[in-house]
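Enquirer: Residue numbers (the working numbering), protein chains in the order written: chain A, 6 to 348; chain B, 35 to 573.
Heads up, the beta-carbon is just placed ideally off N, CA and C, and yes, glycines get one too.
Have a look at this one before I ask anything.
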Amino acid sequence: MNPSFQLLPEQASATAVHLDHLTLYLLIVAAIFSTLIFALIFFFAIKYRRRSGHERPVEVHGALTLEIIWTVVPFILMMIMFTWGASVFFEMSRPPDDAMNVYVVGKQWMWKTQHLEGQREINELHVPLGRPVKLTMTSEDVIHSFYMPAFRVKFDVLPGKYTTAWFNPTKPGKYHLFCAEYCGTLHSGMIGWIYVMEPAEYERWLAGGSGGESLASNGEKLFQYLACANCHRTDKPGRCPNLQGVFGTAVRLTTGETVKADEAYIRESILNPSARIVAGYQNIMPSFQGQVTEEDLLQLIEYIKSLGKPGPQVGGPAPGANPPALQGGAAAPARSLVPKQNR
Amino acid sequence: MITATVETRENYLTHEYGVKSWLLTQDHKRIALLYLGAISFFFFLGGIFATVIRLELLTPPGDLVSAQTYNKLFTLHGVIMVFLFLIPAIPATLGNFLVPMMIGCKDLAFPKLNLLSWYIFMVGGICVLYAMLQGGVDTGWTFYVPFSTSYANTYVILTAVGIFIAGFASILTGLNFIVTIHQMRAPGLTWYRLPLFIWSMYATSLIMVLGTPVVAVTILLVALERGFHFGIFDPALGGDPVLFQHLFWFYSHPAVYIMVLPAMGVVSELVSVYSRKKVFGYKFVAFSSVAIAVLGFLVWGHHMFVSSQSVYASMVFSFLSFLVAVPSAIKVFNWTATLYKGSISYDTPMLYAFGFIGLFTIGGLTGTFLATLGFDVHVTDTYFVVAHFHYIMVGGTMMAYLGGLHYWWPKMTGRMYAEGWAKLSALVIFLGFNLTFFPQFIMGYLGMPRRYHAYPEEFQVYHVLSTAGASVLAVGYLIPAVYFIWSLRYGKLAPDNPWNATGLEWQTTSPPLPENFEITPVVNHEAYDYSILEEMKVG
Chain A
6 MNPSFQLLPE QASATAVHLD HLTLYLLIVA AIFSTLIFAL IFFFAIKYRR
56 RSGHERPVEV HGALTLEIIW TVVPFILMMI MFTWGASVFF EMSRPPDDAM
106 NVYVVGKQWM WKTQHLEGQR EINELHVPLG RPVKLTMTSE DVIHSFYMPA
156 FRVKFDVLPG KYTTAWFNPT KPGKYHLFCA EYCGTLHSGM IGWIYVMEPA
206 EYERWLAGGS GGESLASNGE KLFQYLACAN CHRTDKPGRC PNLQGVFGTA
256 VRLTTGETVK ADEAYIRESI LNPSARIVAG YQNIMPSFQG QVTEEDLLQL
306 IEYIKSLGKP GPQVGGPAPG ANPPALQGGA AAPARSLVPK QNR
Chain B
35 MITATVETRE NYLTHEYGVK SWLLTQDHKR IALLYLGAIS FFFFLGGIFA
85 TVIRLELLTP PGDLVSAQTY NKLFTLHGVI MVFLFLIPAI PATLGNFLVP
135 MMIGCKDLAF PKLNLLSWYI FMVGGICVLY AMLQGGVDTG WTFYVPFSTS
185 YANTYVILTA VGIFIAGFAS ILTGLNFIVT IHQMRAPGLT WYRLPLFIWS
235 MYATSLIMVL GTPVVAVTIL LVALERGFHF GIFDPALGGD PVLFQHLFWF
285 YSHPAVYIMV LPAMGVVSEL VSVYSRKKVF GYKFVAFSSV AIAVLGFLVW
335 GHHMFVSSQS VYASMVFSFL SFLVAVPSAI KVFNWTATLY KGSISYDTPM
385 LYAFGFIGLF TIGGLTGTFL ATLGFDVHVT DTYFVVAHFH YIMVGGTMMA
435 YLGGLHYWWP KMTGRMYAEG WAKLSALVIF LGFNLTFFPQ FIMGYLGMPR
485 RYHAYPEEFQ VYHVLSTAGA SVLAVGYLIP AVYFIWSLRY GKLAPDNPWN
535 ATGLEWQTTS PPLPENFEIT PVVNHEAYDY SILEEMKVG
């Protein structure tokens with residue numbers, strides 16, 4: 006491919022191929038209609054051009070049949086666009102269950118990505134070929150948008166909220182990552198690269214370099230450091246709910262409603278605990294707003310997720326783990342509490 | 035009627051002289067000219083910003099201006115072009131001038147309110163200019179939160195206040211038109227005898243009156259949140275940034291129809307008069323304007339498919355967006371059918387009408403692309419969207435505005451413009467426009483994000499084409515500015531009805547009398563009934 010001139014972006018995922026087929030349909034419909042209109046205008050403009058100033062054209066009155074045809078035919082073609090577009094959209098919106106999870110934090114003006122295994126990257130993301138990747142994204146400041154043209158993936162990244170996107174790379178290579186939502190002075194500098202690697206190569210990359218500990222085990226350290234385990238006990242009934250196995254389940258609230266214990270609910274419960282309290286518990290948990298960063302939150306969530314899985318886990322469930330002698334976490338400043346690479 | 039009448043009476047331009055006679059005028063025709071002067075100024079200002087933007091984008095690195103300056107340039111380009119040029123362009127100039135004349139009355143229902151609206155518009159415009167001179171604003175014309183409320187350190191509140199104020203001008207104009215069209219039509223001028231321009235003005239006015247208050251409130255909330263930390267939009271204060279987007283687009287999508295419905299009205303007039311035929315399917319064209327105005331309020335969520343709004347909401351908005359495309363398609367087909375067996379002349383306004391239909395067709399078709407859910411995910415916030423809305427706003431509204439300005443210029447000024455130059459500039463504008471914006475469709479599909487000060491090298495070829503086109507377009511816009519001004523003094527005197535049109539505005543003198551008509555006209559025929567011209571000659 007000549008890098009200086011191209012008409013189609015790279016197709017590096019199955020979704021990209023599906024979208025390009027849809028695009029082809031749109032282009033064909035557009036080509037037919039614009040050719041029809043332009044040809045008619047040219048033809049009429051020439052054939053019926055004014056030859057003398059005294060011409061009296063015969064009145065042609067409106068025709069109901071014609072009006073119905075040019076209402077109904079475009080409508081049908083557009084309903085095909087609608088259904089086709091919606092089906093591609095649903096494909097884009099639904100990550101497969103076996104997708105590997107990667108966390109993305111956007112801030113003015115960089116992308117920070119974290120792998121479950123603990124690898125952290127800035128303005129880069131390494132992923133293995135042929136495995137669906139689910140991105141769970143949030144922003145530390147303004148709205149950004151995570152855009153990878155080669156995979157036809159774009160989704161806004163918002164402060165105070167988790168959004169998700171996914172892609173399944175089918176072609177090894179290096180692809181653009183852009184911020185697509187205007188986010189301030191260096192918006193056009195908030196760009197990076199997605200590296201799609203052969204699985205074995207990816208494993209080597211994961212193992213090498215600045216490996217560090219997994220997100221869940223970093224999360225466990227934070228959990229102890231912030232003294233969460235004093236109340237959220239797993240060995241015996243505590244003042245707060247036992248978090249073992251809670252992730253992904255439906256939780257009953259004091260209001261009688263139920264809520265799914267997903268990333269958003271855990272995040273809210275850490276930052277604004279009194280918002281939705283689990284039935285049978287008091288409103289006693291302090292807010293950790295300002296004490297934990299978005300990255301810390303993701304680690305805590307990953308730790309709580311790991312508690313939910315049966316059997317030995319990365320980071321491991323911690324039944325009866327004794328809190329180490331870490332004290333006074335509540336007074337810690339709002340920066341990440343675990344060692345960072347690439348920061 | 036065809037021959038030029040010797041001016042026997044004072045017209046609206048000559049019956050009074052002096053600055054005061056203009057600044058305190060309650061004549062809708064003079065107010066239209068006041069607006070014309072103001073928006074022409076804003077257009078050229080916005081055009082200067084566009085020029086610098088295109089020059090910056092000639093090369094991949096951000097080398098001509100700083101990133102911050104670039105961001106201010108595209109923000110001011112957007113704010114000025116949208117709020118201070120495109121929205122008032124046709125309604126406040128051609129609409130103000132023509133609505134009373136086309137329905138055969140002396141003035142709008144509320145002449146003082148009309149003058150007030152011009153002053154309000156000027157105050158709003160001056161606020162924006164003052165903010166610009168103080169250092170400008172860099173939020174983009176969309177003012178997305180929490181960037182605009184908590185992070186931008188430019189003159190956001192002052193600009194927002196300017197837009198807030200200018201909005202009231204729009205509301206007052208809309209109100210004035212609605213009342214006038216309901217109450218002041220000449221005897222015999224039933225709804226189905228109205229020119230289609232009036233139908234489109236009526237539909238536009240509905241949007242102005244119903245939609246503008248929402249953007250006013252939204253902009254006010256941004257200012258309050260920024261000034262007093264209200265916590266409505268900022269998640270750090272418990273607010274929801276997506277709520278802002280809903281409120282903003284609830285107005286700003288219909289605002290596109292404020293820009294393009296009047297353009298459609300102008301084109302209906304032009305297509306009819308220059309093919310000397312009734313507009314094909316009059317009622318379909320008339321009601322499609324109303325349908326667009328109503329449905330246009332239900333599609334705002336198509337700006338938000340990747341904003342984290344629910345996927346089901348996105349589906350509904352996608353479906354409704356296709357519905358609003360149907361009445362637009364109906365119009366295009368009916369204009370084309372009007373040409374059939376007509377007597378088509380290639381006068382300049384008709385060239386603009388042809389240009390409008392072509393560019394609007396491309397803009398409209400790419401609009402259905404963007405309504406298509408999966409497709410939009412890939413191209414939203416890229417140059418594809420930039421190209422699409424410029425095809426609608428510049429290719430559509432601007433072409434029709436220029437077409438209308440040429441068509442009614444003899445009536446407004448009493449002078450003819452230089453036809454040769456006018457045809458040349460119409461051609462230059464059409465070619466320059468396509469060269470500027472067509473490459474942006476391809477660039478957008480390739481993934482070039484909008485609002486980028488610097489960009490990867492592979493996009494350069496398209497940016498170079500676009501910048502080349504923009505320089506052609508700039509020349510195209512400068513030519514009319516010159517010959518229009520030239521015509522005021524040296525142009526041939528215009529006859530009362532140079533185009534043999536049937537509208538009531540052509541049955542009075544050029545320029546019109548201060549009170550428009552010597553005697554209130556009585557209407558006993560449908561719009562665009564060219565047989566009456568012969569009856570008049572015989573009679």
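DSSP three-state call for GLN332 (chain A): helix, strand or coil?
Expert: Counted from its first residue, the first sequence places residue 332 (chain A) at position 327. Residue placement at GLN332 (chain A) cannot be trusted, given a pLDDT of 34 that sits under 50; what the coordinates show is reported in the next sentence. In the structure shown, GLN332 (chain A) sits in coil (DSSP, three-state: anything other than H, G, I, E or B).
Enquirer: Taking just the CA atoms, how far does GLY503 (chain B) sit from GLY313 (chain A)?
Expert: As a position in the first sequence, residue 313 (chain A) is number 308, starting the count at 1. As a position in the second sequence, residue 503 (chain B) is number 469, starting the count at 1. One C-alpha to the other measures close to 60 Å.
Enquirer: Compute the Euclidean distance between the alpha carbons of TYR564 (chain B) and PRO532 (chain B), then round it to the nearest angstrom.
Expert: For the purposes of this step, residue 564 (chain B) is taken as the residue at position 530 of the second sequence. For the purposes of this step, residue 532 (chain B) is taken as the residue at position 498 of the second sequence. Roughly 14 Å between the two C-alpha positions.
Enquirer: Between A:LEU248, A:CYS233 and A:ALA232, which lies nearest to THR239 (chain A) when the distance is taken from Cα to Cα?
Expert: As a first step, residue 239 (chain A) must be located in the first sequence, where it is residue number 234. Closest by alpha carbon: A:LEU248.
Enquirer: Cα-Cα, which of B:VAL557, B:GLY196, B:GLY466 and B:TRP442 is closest to PHE529 (chain B)?
Expert: Mapped onto the second sequence, residue 529 (chain B) falls at position 495. The amino acid at residue 529 (chain B) is misidentified as Phe; the sequence shows Pro. If we check each option's Cα against that of PRO529 (chain B), B:TRP442 comes out closest.
Enquirer: For SER150 (chain A), is the classification buried or exposed, using 16 other Cβ atoms within 10 angstroms of its Cβ as the cut-off for buried?
Expert: Along the first sequence, one-based indexing puts residue 150 (chain A) at 145. SER150 (chain A) should be labelled buried.
Enquirer: Mind checking if VAL411 (chain B) is an interface residue toward chain A, Cβ cutoff 8 Å exclusive?
Expert: The residue you call residue 411 (chain B) lines up with position 377 of the second sequence. Closer than 8 Å: yes.
Enquirer: By DSSP, does GLN318 (chain A) sit in helix, in strand, or in coil?
Expert: Translated into the one-based positions of the first sequence, residue 318 (chain A) becomes position 313. Residue confidence for GLN318 (chain A) is low, a pLDDT of 37 falling below 50, so the modelled location carries little weight and cannot support an answer.
Enquirer: Answer yes or no: do PHE94 (chain A) and LEU110 (chain B) have a C-beta to C-beta separation smaller than 8 Å?
Expert: Walking along the first sequence from the start, residue 94 (chain A) turns up at place 89. Walking along the second sequence from the start, residue 110 (chain B) turns up at place 76. No. Outside cutoff.
Enquirer: I'd like the span of the alpha helix (DSSP H) that includes ASP410 (chain B), first residue to last.
Expert: As a first step, residue 410 (chain B) must be located in the second sequence, where it is residue number 376. 407 to 413 is the span of the alpha helix (DSSP H), which, as asked, contains ASP410 (chain B).
Enquirer: Find the residues of chain B that neighbour LEU191 (chain A), judging by a C-beta separation of less than 7 Å, and give them in chain order.
Expert: Within the first sequence, the letter at position 186 stands for residue 191 (chain A). Near LEU191 (chain A) (Cβ distances below 7 Å), the residues of chain B are ALA101.
Enquirer: Which residue from B:MET135, B:LYS106 and B:PHE144 puts its Cα closest to that of VAL162 (chain B)?
Expert: Counted from its first residue, the second sequence places residue 162 (chain B) at position 128. For VAL162 (chain B), the nearest C-alpha among the options comes from B:LYS106.
Enquirer: Based on DSSP bridge pairs, tell me the residues matched to GLY178 (chain A).
Expert: For the purposes of this step, residue 178 (chain A) is taken as residue 173 along the first sequence, with counting starting at 1. DSSP output for GLY178 (chain A) lists A:VAL201 as bridge partner(s).
Enquirer: Starting from ILE170 (chain A) and walking both ways along the beta strand (DSSP E), at which residues does that stretch end?
Expert: By 1-based counting over the first sequence, the position of residue 170 (chain A) is 165. Per the sequence presented here, residue 170 (chain A) reads as Ala, with Ile not at that position. It spans 168 to 172 - the beta strand (DSSP E) in which ALA170 (chain A) sits, taken as one unbroken run.
Enquirer: Does any residue of chain A bring its CB to less than 8 Å from the CB of TYR489 (chain B)?
Expert: Position 455 of the second sequence, counting from 1, holds the residue named residue 489 (chain B). Taking Cβ atoms only, chain A reaches closer than 8 Å to TYR489 (chain B), which makes this a yes.
Enquirer: Distance check for TYR374 (chain B) and GLU64 (chain A), CA to CA, integer angstroms please.
Expert: Start at 1 with the first residue of the first sequence, and residue 64 (chain A) comes out as number 59. Start at 1 with the first residue of the second sequence, and residue 374 (chain B) comes out as number 340. Their backbone Cα atoms lie some 10 Å apart in a straight line.
Enquirer: What does DSSP give as the partner residues of GLN119 (chain A) in its beta bridges?
Expert: Taking the first sequence and counting its residues from 1, one reaches residue 119 (chain A) at position 114. For GLN119 (chain A), which the question treats as bridged, DSSP gives the partners A:TYR108 and A:ARG125.
Enquirer: For ILE289 (chain A), I'd like the list of residues in its chain whose CB is within less than 7 Å of its CB, leaving aside the five on either flank, ordered along the chain.
Expert: By one-based count along the first sequence, residue 289 (chain A) stands at place 284. Same-chain partners within the cutoff: ARG244.
Enquirer: ILE553 (chain B): buried (16+ other C-beta within 10 angstroms of its C-beta) or exposed?
Expert: Here residue 553 (chain B) corresponds to residue number 519 of the second sequence, with the count starting at 1. With fewer than 16 other Cβ atoms within 10 Å, it is exposed.
Enquirer: From what residue to what residue does the beta strand (DSSP E) around PHE151 (chain A) run?
Expert: Here residue 151 (chain A) corresponds to residue number 146 of the first sequence, with the count starting at 1. Counting along the chain, the beta strand (DSSP E) containing PHE151 (chain A) begins and ends at 149 to 153.
Enquirer: Return yes when the Cβ of ILE426 (chain B) is within less than 8 Å of the Cβ of PHE394 (chain B), no when it is not.
Expert: The residue given as residue 394 (chain B) occupies position 360 in the second sequence. The residue given as residue 426 (chain B) occupies position 392 in the second sequence. Contact flag set, yes.
Enquirer: Since MET446 (chain B) and LYS526 (chain B) should fall inside the 8 Å C-beta cutoff, what is the C-beta to C-beta distance between them, to a whole number of angstroms?
Expert: Locating residue 446 (chain B) in the second sequence gives position 412, where the first residue counts as 1. Locating residue 526 (chain B) in the second sequence gives position 492, where the first residue counts as 1. So it is not a contact: roughly 15 Å between Cβ atoms.
Enquirer: Could you please give me the residues that DSSP links to CYS184 (chain A) through a beta bridge?
Expert: Against the first sequence, residue 184 (chain A) aligns to sequence position 179. Its beta-bridge partners are A:PHE151.
Enquirer: Whose CA, out of B:PRO490, B:GLY401 and B:GLU560, lies closest to the CA of ALA35 (chain A)?
Expert: On the first sequence, position 30 is the one that residue 35 (chain A) refers to. Comparing Cα positions, the closest option is B:GLY401.
Enquirer: Given this structure, state the Cα-to-Cα distance separating ALA535 (chain B) from TYR562 (chain B), to the nearest angstrom.
Expert: Position 501 of the second sequence, counted from the start, is the residue given in the question as residue 535 (chain B). Position 528 of the second sequence, counted from the start, is the residue given in the question as residue 562 (chain B). Each residue's alpha carbon lies about 8 Å from the other.
Enquirer: Quick check on the DSSP output: what are the complete alpha helix (DSSP H) runs of length 4 or more inside the region 78 to 128 of chain B, in order along the chain?
Expert: List check, alpha helix (DSSP H) in window: 101 to 113.
Enquirer: Quickly, what does DSSP pair ARG54 (chain A) with across the bridge? List them, please.
Expert: Counted from its first residue, the first sequence places residue 54 (chain A) at position 49. For ARG54 (chain A), which the question treats as bridged, DSSP gives the partners B:ILE378.
Enquirer: Which residues in the same chain as THR39 (chain B) place their Cβ atom closer than 7 Å to its Cβ, once the five residues preceding and following it in sequence are excluded?
Expert: Indexing the second sequence from 1 puts residue 39 (chain B) at position 5. Because the pLDDT of THR39 (chain B) is 49, which lies under 50, any placement of that residue in the model is unreliable, and the question is left without a value.
Enquirer: Using only alpha-carbon positions, find the residue among B:THR48, B:LEU149 and B:ASP172 that is nearest to ALA101 (chain B).
Expert: On the second sequence, residue 101 (chain B) is found 67 positions in, with the first residue counted as 1. Here the closest residue by C-alpha is B:ASP172.
Enquirer: With C-beta atoms as the reference, is ILE306 (chain A) less than 8 Å away from ARG272 (chain A)?
Expert: The residue you call residue 306 (chain A) lines up with position 301 of the first sequence. The residue you call residue 272 (chain A) lines up with position 267 of the first sequence. Yes; because the gap between Cβ atoms is below 8 Å, this pair is in contact.
Enquirer: From the DSSP output, in three-state form, read off VAL256 (chain B) for me.
Expert: As a working note, residue 256 (chain B) is residue 222 in the second sequence. VAL256 (chain B) falls in the helix class under three-state DSSP.
Enquirer: Residues in its own chain within less than 6 Å of VAL248 (chain B) by CB, not counting five upstream and five downstream?
Expert: As a working mapping, residue 248 (chain B) is identified with position 214 in the second sequence. For VAL248 (chain B), where only same-chain residues beyond five positions count, the Cβ hits under 6 Å are PHE284 and TYR285.
Enquirer: With respect to the alpha helix (DSSP H) encompassing LYS365 (chain B), which residues constitute its N-terminal and C-terminal limits?
Expert: Within the second sequence, residue 365 (chain B) is the residue found at index 331, counting from 1. 345 to 373 is the extent of the alpha helix (DSSP H) around LYS365 (chain B).
Enquirer: What does the alpha-carbon distance come out to for the pair TRP266 (chain B) and VAL147 (chain A)?
Expert: In the second sequence, counting from the first residue as 1, residue 266 (chain B) sits at position 232. In the first sequence, counting from the first residue as 1, residue 147 (chain A) sits at position 142. Strictly speaking, residue 266 (chain B) in this sequence is Ile, with Trp absent from that position. Each residue's Cα considered, the two are about 15 Å apart.
Enquirer: Does the separation of the CB atoms of SER377 (chain B) and ILE326 (chain B) fall below 8 Å?
Expert: The residue you call residue 377 (chain B) lines up with position 343 of the second sequence. The residue you call residue 326 (chain B) lines up with position 292 of the second sequence. Going by C-beta atoms, SER377 (chain B) is not nearer than 8 Å to ILE326 (chain B).
Enquirer: Using a Cβ-Cβ cut-off of less than 9 Å, give me the residues of the region 461 to 494 of chain B that come near chain A, in sequence order.
Expert: Under the 9 Å Cβ criterion, the region 461 to 494 of chain B contributes ILE476, TYR479, LEU480, GLY481, MET482, PRO483, ARG484, ARG485, TYR486, HIS487, ALA488, TYR489, PRO490, GLU491, GLU492 and GLN494.
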